[in-house]
Every structure is written in C-alpha cells, then in structure tokens.
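Numbered per this note's numbering, the sequence shown spans residues 7 to 585.
Below you'll find the structure, written out as structure tokens, and then a few comments.
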Amino acid sequence: MAEMKLLPFDKLVPYRPRAFVPEKIDLGDWGQIATLFDLLEARAPRCKTAAQFQRWLLDASELSAALDEESAVRSIAMTCHTDNAEAERAYLHFVEQIEPRVKPRQFKLAEIYLRHPARRKLPQKRWFVFDRNARLQVELYRAENVPLETEEARLGQQYQKLSGSLTVPFRGEERTLAQMGRYLEEPDRPLRQETWELTAGRRLREAERFEDNFEQLLKLREQIAANAGFPNYLEYAFQARGRFDYSPADCRKFHAAVEKEIMPAVRRLQAERRERLGLKSLRPWDLNVDPLNRPSLRPFERAEDLPARAQDIFDKLDPRLGAGFQLMRDLRLLDLDNRKGKAPGGYQSTLAESRLPFIFMNAVGIHRDVETILHEAGHAFHALAARREKLHAYRSAPIEFCEVASMSMELLGNEHIETFYSEADARRARHDHLEGIVAIFPWIATVDAFQHWLYTHPRHRRAERRRAWLGLMDRFGGDVDWSGHEEARANLWHRQLHIFLHPLYYIEYGIAQLGALQIWANSRKDKTRALSQYRGALALGGSRPLPELFAAAGCRFDFTRRTIKPLVRLLRDELEKLG
Ligand SMILES: [Zn+2]
C-alpha cells in the first residue's frame, strides 16, 4: 500500500527475504495475485520429492502471509484514520475485490495438497496439524451452504443494527445503551436503578424482533448442519470450528464443575458485596458499583505515560518479554492514545509477513486501559515468540490458546501494577480483577449450556426455549433479586452477541481462563520456570494440538472439577488476602 503515512510505523520489511512473491507486486491488483496462484497450481504436479513438495507448501504460505499482512495494514490504516476516505477505499477494495477471489483459490490449493502423492512422504509429526485442518476444510465444504452462510451473515448484521440502534432518553438527551453503561458504576443507587430499568426496558420492547431474528438464524443453521451430513448444528459446529481436541461432553463437564466448584465462591462474593453496600438483597443494578463507594481508579494522567509504565511491568516479569515490548515501542507498533478520527476499542493485529505485532487502543486514563494493554501485549508476545516458525499457518494458535497468552499476561502483569498505583489502589485493582474472573465463569457456562440446548432441540417452541434459559439462570445466576423484572431476566440472552453472531463461541474464554489461572498458580511457586514455560508454549504457535500447547505451558487441558477446584481455592485465598 502506497499510503504509508497513514500508518503509525514506517514501512516494515518481511522477516525473511521473499522467495516466491515478487518484491514489487501490487497486492491490491487481483491480476498479479492470480498469476501467483496459477504458478502454484501448475507447479504442483512437478513436485516429486518431499523436499520439493515442502518448498511448494512454503511458497503458498509466503503468499498467504503477504496477503494477510496487506489486509492487516489496510485495516490498521483505516482504524487509525476513520475520517480518511482514501484509507477506507483501500480497505474496502481489499475486502470486496481481493479476499472473495483469494478464498476459492486457497481452497483449491488445499484440495491439491490432499490429493498430492508426495503428501504421504512429508514428516508426519511436523505436518499433522496442518493436514487435519486441510482435510477438515475440504470435507466440510458444501456449495449449497455458501448462500446460506451469506444469509446468516446478513441476519447477523440485522441483529447488530438492531441492538446498536437502541437509544433511551436520559436527562434530556438521546443516549445509546452503551453510553448508559457507566451509570451502573455510580454510587447513587436510585440513579443506577433508573438507568438499569431504562435500558432493560428498551431492550424488552424489541424482544419479539430479537426472537424472530434468532429463529431465522436457528433454521438456517440446522439446514447448514444437515447439508454437511450432521445430525445437529452442535455436532457440526464442533467440527467446523476445528475442535478436534474436546467434545460437547467435555463442555458439559465444565458446566457441572462451574456449578459445583465456582458457584459457592460466586455466592460468597455476592454476599460480601451485599453486606458492604449495606443492602438486604442485591438487585441487578448493584453488580457493577464499587461496594465501598470509592472513586474510579486513575492509573495515569497522560496517555504518553502508558507505554513506559507498561514497560516497567514487562521488564520486572521477564527480560525477554521486556525486550519484546521495547522493540514494539522502537518500531512504533503501538498506537495507544484516544484521539479524534480513531475507531473505538482496542485490538492486537499481527503483521504476518514481517512477523510483528501491532497494538491499537484508545487510552483515556481509566483502569480498563491497564487491563487492555496487558491483555493485548500477551497476544503481541505470542506473535513475537512464534516469529521463527516458517509456516504461516503455524504462526498462530487456536483461539483457546491465544487467549491463554493474553489472559495470563493480565494475571501476571497485575502482580506489578504498582507502576500505576499506590499500594492500596493496586490491591483494589487486583481484587476487582480476580472477582471479575470468578464472576465470568457462570455467565460463560450459562451462554454455552444454553446453546447446547438450542442446537440439540430442533423445532423447539418459544416457551420451551424460555424455560431452558430460566433453568440456567437458576443454576448459574447466584443470589440476585430480580423481583419485578422477571421479563428482563427471561430475555437476558438477547444482549449476548455471540448467540446471534458467533454460535457456540464463548466457551473458549472459559477454557483459556483455566489455562491462564494455572500459569498464574505455577508462577507463585516458581516464577522463572512458569515464565519460561509460558514463552516456550507461545513459541510453538499453532504447530501442535491444544493439549500439547497447554502441556508446554505447564497446564492441564482439562475442564473438570479436578482442575477447577484448586484454582478456585487459590482465587478465594487471594481475594481474602486482598480484602
Ligand atoms: Zn484477546
């Protein structure tokens, strides 16, 4: 892309000199890209030896990394300059004109790979993960599902449009529901109740539309699964998401373990909160406020202070992680401060060819910024650790492990958070973080168990769905008094985007959090060893199956009570110490 001035960093060079993709190629021009796919297809039959075939695979990998980086660079330029028409045009051109043409060609390469006689000659252990992913991609493909998936995406957009468009009148102004969120942290209880009731009521008025939208999605998904030859969408989705290493039954064990091991801790924390707030019962609007009515944490005044203080944390943790973050600072691979014209939110993006991470956020001086930089730095360390891996497909791991990298960094980094806070504030930040971890498990279990029910009860009725959801709220909701708001409780799932847009996608965060907690537990016994296992596991990228990645990091890939029980004990002890 020519408009390099739109990027915070200078032009980056590929990690290794290109061997196949021409130096001067314009990756916005489909004709030039197509020529490379033609060359690869023509060359495949001439690969006789394993070495020739591996060279072919590495050339295909080089092309896909170059395309991946092109897409990332255009997306970064756009999110850094949402008001720049040229950046938007360049990004849309790639998404609309290039990517849809790339996909079928990459699919064709996967087919060629699978049919190739030299495939059997490849070293098995090295190509195991690549091979099973290629097989999956080809086996699950059904031409008749392509239009259904397009329709699914359209319905998903409809959901987003609907939930994003909802506003409420508040203090003479029209406000989005997201803007109302901060009032739930206000010490003034009647104000919290008023804002909670306003937003819950607004969502409830659209309940019919959310239900209709979901029922159309459900029907489509059942059809997609049937077309691919699966008895239900649950079974299909496990395959389609490449979940080779765990099953729906494992997830059900996770739900049971959360109920048995985590719910008592949740109830204890809820009781503590209720007592501190001096209330007879906790209502839905009492869950986000600081129970001691303290003002919000202020980690820093100026966004420019954020990188240096974060640097301190990583240096204290591990000199190699510190060096990685310093490299990102030197190369200007951080765009952290909030300013006009930037897209909202935060993300880490990997530049696949230069094999470098980039972190984007909108820091304004709240505690959330500290959490975000630690989390995204964990993803960045993952990308840096896997730099030496030759195969593009192996330089990134499945999401279940990617989130181990980032969530561990939140836990480990929080141990040195005094670079931002007084000792008392640091303890408070750590307490809130751990309390949040305990509290999210039941919600993950609820959302996941609900989806298991949805996709294994074809043709269920609306009333049955409602009963199934309420049963889960009883199991995992804890001691919150919803009286007078029964309808809001019964429809609470309407706000969970994943159920609509990313079906059966949420359990990953629970699995990853269990990994992160184990790494954190290990670090309390032997910090050097835990950090070295962490880096070692990250360096494997996606070259090994999930259980091996977890094992390399010093954790068990297991979601049963056996793993969860000691972690809950550690969380409880730690929370008690932090007060
Ligand atoms: Zn993440």
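The beta carbon of each residue, even a glycine, is placed where N, CA and C say it ideally should be.
Since the model is a prediction, treat every value here as computed from it, not as a measurement.
Start and end residues, beta strand (DSSP E) containing residue i
i	result
residue 302	Residue 302 -> no beta strand (DSSP E), and no H or E assigned at all.
residue 355	353-357
residue 364	362-369
Cut-off 6 Å between Cβ atoms - residues of its own chain near residue i, not counting five sequence neighbours on either side
i	result
residue 452	478 and 482
residue 412	381, 384 and 385
residue 316	379
residue 206	494
residue 548	400, 402 and 403
residue 191	294 and 295
residue 46	66
Residues near residue i by beta carbon distance below 7 Å, same chain, minus five either side
i	result
residue 223	158, 161 and 506
residue 27	42, 68, 69 and 72
residue 229	154
residue 250	138 and 551
residue 181	173 and 174
residue 457	505, 509 and 510
Backbone CA spacing between residue i and residue j [nearest angstrom]
i	j	result
residue 242	residue 422	44 Å
residue 567	residue 433	28 Å
residue 183	residue 489	22 Å
residue 352	residue 460	32 Å
residue 555	residue 24	29 Å
residue 7	residue 33	Below a pLDDT of 50, predicted positions are generally treated as unreliable, and residue 7, at 49, falls in that range; the measurement from the model is reported next regardless. Distance between the alpha carbons of residue 7 and residue 33: 8 Å.
residue 138	residue 404	13 Å
residue 455	residue 359	39 Å
residue 276	residue 503	26 Å
residue 85	residue 92	12 Å
residue 552	residue 253	13 Å
residue 211	residue 491	13 Å
residue 12	residue 31	20 Å
residue 343	residue 560	35 Å
residue 473	residue 463	13 Å
residue 89	residue 145	43 Å
residue 196	residue 283	13 Å
residue 496	residue 309	42 Å
residue 124	residue 83	41 Å
residue 279	residue 214	35 Å
residue 425	residue 311	11 Å
residue 583	residue 269	20 Å
residue 112	residue 585	54 Å
Cross-strand partners of residue i (DSSP beta bridge)
i	result
residue 174	181
residue 343	369
Terminal residues of the alpha helix (DSSP H) in which residue i lies
i	result
residue 564	Segment: none, residue 564 is in no alpha helix (DSSP H) and carries neither H nor E.
residue 120	105-121
residue 98	91-99
residue 55	Segment: none, residue 55 is in no alpha helix (DSSP H) and carries neither H nor E.
residue 328	325-336
residue 41	36-49
residue 532	From DSSP, residue 532 is part of no alpha helix (DSSP H); its letter is neither H nor E.
residue 412	405-420
residue 207	195-211
residue 452	429-462
residue 133	130-146
residue 506	503-507
residue 482	468-482
residue 619	Examination of residue 619 is not possible in this model, given that the chain is present from 7 through 585 alone.
residue 242	239-246
residue 260	254-263
residue 495	492-496
Contact set for residue i: own chain, Cβ-Cβ below 8 Å, skip 5 residues either direction
i	result
residue 350	368
residue 558	539, 542, 543, 546 and 550
residue 415	380, 381, 383, 384 and 387
residue 122	50, 53 and 59
residue 484	269, 272, 273, 276 and 448
Residue i: CB within 7 Å of a non-hydrogen atom of ligand 3
i	result
residue 402	Ligands displayed in this structure: ligand 1; ligand 3 is not among them.
Cutoff 8 Å: residue i Cβ touching any chain D Cβ
i	result
residue 532	The structure shown has no chain D; it contains just one protein chain.
- Task: Would you be able to state if there are at least three C-beta pairs under 8 Å between the stretch 440-451 and the stretch 510-520?
- Result: Segments in contact, yes.
- Is it true that the stretch 321-335 meets the stretch 407-426, where meeting means three or more beta-carbon pairs spaced less than 8 Å apart? Yes: the two stretches touch, three or more of their Cβ pairs being nearer than 8 Å.
- Message: Whether or not the stretch 128-142 and the stretch 197-213 are in contact is what I'm after, with contact meaning three or more pairs of Cβ atoms, one per stretch, closer than 8 Å; do they touch?
- Response: Verdict: no, contact absent.
- For the stretch 161-176 against the stretch 211-226, are there 3 or more C-beta pairs whose distance is under 8 Å? The stretch 161-176 makes contact with the stretch 211-226, as at least three CB pairs between them are under 8 Å.
- Evaluate the contact criterion for the stretch 35-52 versus the stretch 106-118: three or more CB pairs, one atom per stretch, below 8 Å. A contact exists between the stretch 35-52 and the stretch 106-118.
- Does the stretch 526-538 come within contact of the stretch 462-472, defined as at least 3 CB pairs closer than 8 Å? Result no; under three Cβ-Cβ pairs closer than 8 Å.
- Message: Check whether the stretch 184-195 and the stretch 281-297 are in contact - that is, three or more C-beta pairs closer than 8 Å.
- Response: Short answer: they touch.
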